[in-house]
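K.L.:
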Amino acid sequence: MKTICFPAFIFIVFTSIAYSHWVPRDTNTNACDKLNDYVIYSDERFLNYSDVKACYESTPYNKTNATQIIETVKEKLKAFYVLLEQSKEDPDPGFTFRSMDIISELDLLLNNNYLYEYQFIYDVSDLIEELRDGHTLLSSTDYHKYAFYQGLSLYSVIKEDGTQQIKVFNDIKDPNNIDCQVINIDDKPAIDVITEFASNHIASSRDLSVRFNSALASLRFGNGDFEIFGQFFTSRIQLPKNSSISYTLNCNDKISKINREWQIPIKPLPQYKSPYIHGTTVGKAKLIFDAFIARFYILKDFGVVLISTEFVTNNVLEYRYITDIIFGFKLLADKGIKKIVLDLTNNNGGNVNVAHIINKILFPYIKSFPVDMKVNNISVQFIKGTSMIKNAVGSGFHYRTYISTKTNSLFINVTDFIGNNLYTRGGTQVKCTSKAFFNDTALYGGNLKIPTSPKFPWNEKDIIILTNGLCFSSCAILTQRLAEINVSTISVGGFPNRRFSFASTSGGSIVTTDDIPIFFKLLKNLDKSLASKLTLPKNLTLSFTLIEAYSVNRPNEVIDFSFRPADHQLYYNERSARDPSQLWMQAVEFIR
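Reading the sequence shown from the start, the letters are residues -20 to -1, 1 to 572 in mature numbering (1 follows the signal peptide of the UniProt record, and there is no 0).
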């Protein structure tokens, strides 16, 4: 099951900058040729903002092309985007986003008088991001090609008197600025600037507190180690409107002002290293087993499990990861550990199958969330066509990828799966497939054998989940399902005394426009006239949520539109932002 999430798309800046010899569509665009030569031949570490801007401005706006793009995006969303109609409804109290009829609003963009193509692409991308659905995004290989970075990252702390401050988390240009308070940004209060940015320019969650955390920096466990995650305020993939940002700092009661130009890294940046993480130890927590996508620690008398649900591309690796996770939990049980902190902070999502299986490892009786997808004249062609291909089992469109919630067994046939379920959402009647559970054994064509797990001694009161709300996709499926059996949850950060979501974007599967040409090659039943209507230019990719998940406890509740705050809230300070073990010790006290 293919899943991605918005932050994964941006994270490129913190590892290495991926680049290739990019040839612009207009061969006369010397500004872009200059950038290509610079990337290949220069020994410098950065491109200049002005050079990238000149390249982007070398392609004028073409309304005919823009109209074709708008029409294709609309057709895609109407055919497959399962949350389209519900996005017109007012948000649950606790969420911060505007209801919208995105189909109508896409048409309005054509009334704007753009000078350059990139301005139009950014407006389409921004409008789609206003859905605040981290699975539904438009990206461009031309105009989201480069990462813009300022050399510093920010974070939020709550002081003992309850006041909130923005501070410098890391500064690769001037380490003396670390932990200085950021008073103003471009001469406006720093908290207000970050909040406004999170409110209007981040797509990852319908909860503003989660988006606020995304704008700032924090540590995550991923790619087999700890690394900085987030910091979308100082690291962007759209060309910023201005070439620099000013910061007014308070460093030990000394006020200073710095100006930071946007730079575009073309070589790897220095990696941040926490002073409190040394090899196998985090603070005073000792590592007892490293399963690459999971780590198992003991701290004092309790266990800590870090899990990354990264995408796994073959069943051999997945089987190994699952057996390793079982082994890690068994080690904790054998050592007599009674309480566990399950830390999924900054979990970027990935493999839905891993999430389902981890839940069943801990609680064998648990079932996954029921899901469904849209049924209409276009989507049903994909469902029927895919379901005729035996080795396509595991695809989001194949009926044998699912188990009926009514019979708890495979659907009899594709017609049984399609069903006849009608809902009224956003004032519109929508038809969806029969509700179903994911058939985990169907992935990889039924070749994945799920290993047997021993019975563990913990119940729902012995485990607590810790996130900072940045727990996406498969992570959301894992944590929100455990929360429905009363496993306690904690969200870290956000705003003072404002409880917020511990997870976001729970739909279990997405499709991208890059996948569509493959379907037209494989599926003989498809109306070939649809190919032109559903195919975007090669430099654009639209991803969208194909499948929606429903609550088990409240069967008619679509989880993506349900505000689910954590049971408890903790805050970062100067130490805990860099030493996760400080948060683990606070977390376990809620389940003593």
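Note that beta-carbon positions come from the ideal geometry of N, C-alpha and C, so glycine has one too. Bear in mind the structure is a predicted one, so any value in this text is a computation, not a measurement.
(1) With C-beta atoms as the reference, is K319 less than 8 Å away from F349?
(2) Under a Cβ-count criterion, where at least 16 other Cβ atoms within 10 Å of its own Cβ denotes burial, should R558 be classed as buried or exposed?
(3) Could you check the C-alpha separation between G330 and Q251 for me, to the nearest Å?
(4) In the DSSP assignment, find the beta strand (DSSP E) that holds S119 and state where it starts and stops.
(5) Output the distance between the C-alpha atoms of V285 and I306, rounded to the nearest integer angstrom.
(6) Considering only their Cβ atoms, is the gap separating A416 from V491 smaller than 8 Å?
(7) Out of F570, Q562, Q566, which has the shortest C-alpha to C-alpha gap to I257?
(8) Taking the Cβ atom as the reference point for each residue, do N193 and G210 lie within a distance shorter than 8 Å?
(9) Using only alpha-carbon positions, find the residue among T47, K340, Y403, Y98 that is nearest to S38.
(10) Cutting at 8 Å between CB atoms, please list the residues of its own chain near A59, excluding the five before and the five after it.
(11) Would you mind reading off the limits of the beta strand (DSSP E) that contains C451?
(12) Alpha carbon to alpha carbon, how far is F343 from A178? Give it in angstroms, no decimals.
(13) If the criterion is Cβ atoms closer than 8 Å, does the pair S224 and E241 meet it?
(14) For Y29, collect the residues of the same chain with a Cβ closer than 6 Å to its Cβ; drop the 5 residues on either side in sequence, then sort them by chain order.
(15) For T387, name the three-state secondary structure that DSSP assigns.
(16) Looking only at its chain, what residues have a beta carbon closer than 6 Å to the beta carbon of T493, apart from the 5 residues adjacent to it on each side?
(17) From T408, I174, P248, T413, pick the residue whose C-alpha is nearest to that of N401; which is it?
(18) Spatial neighbours of Y61 within its chain, please: C-beta separation below 7 Å, excluding the five flanking residues on both sides.
(19) Would you grab the beta carbon distance between E528 and D540 for me? Rounded to a whole angstrom, and I think it's under 8 Å.
(20) Over the uninterrupted beta strand (DSSP E) stretch that includes T525, give me the two end residues.
(21) First and last residue of the beta strand (DSSP E) that includes A197?
(22) Apart from the five residues on each side of it in sequence, which residues of its chain come closer than 6 Å, Cβ to Cβ, to S556?
(23) Between the C-alpha atoms of R5 and F212, what's the straight-line distance to the nearest angstrom?
(24) On the criterion of 16 or more Cβ atoms from any shown chain inside 10 Å, does K221 qualify as buried, or is it exposed?
P.N.:
In brief:
(1) no
(2) buried
(3) 23 Å
(4) 117 to 120
(5) 12 Å
(6) no
(7) Q562
(8) yes
(9) Y98
(10) K354, N356, I358, S359, L514
(11) No beta strand (DSSP E) contains C451, which DSSP labels as neither H nor E.
(12) 36 Å
(13) yes
(14) S223, W242
(15) coil
(16) L516, T521, L522
(17) T413
(18) T116, F524, T525
(19) 6 Å
(20) 520 to 525
(21) 197 to 202
(22) Q562, L563
(23) The predicted position of R5 is uncertain, since its pLDDT is 42 and thus under 50; a value taken from the coordinates is nonetheless stated next. Looking at the two C-alpha atoms, the distance is approximately 29 Å.
(24) exposed
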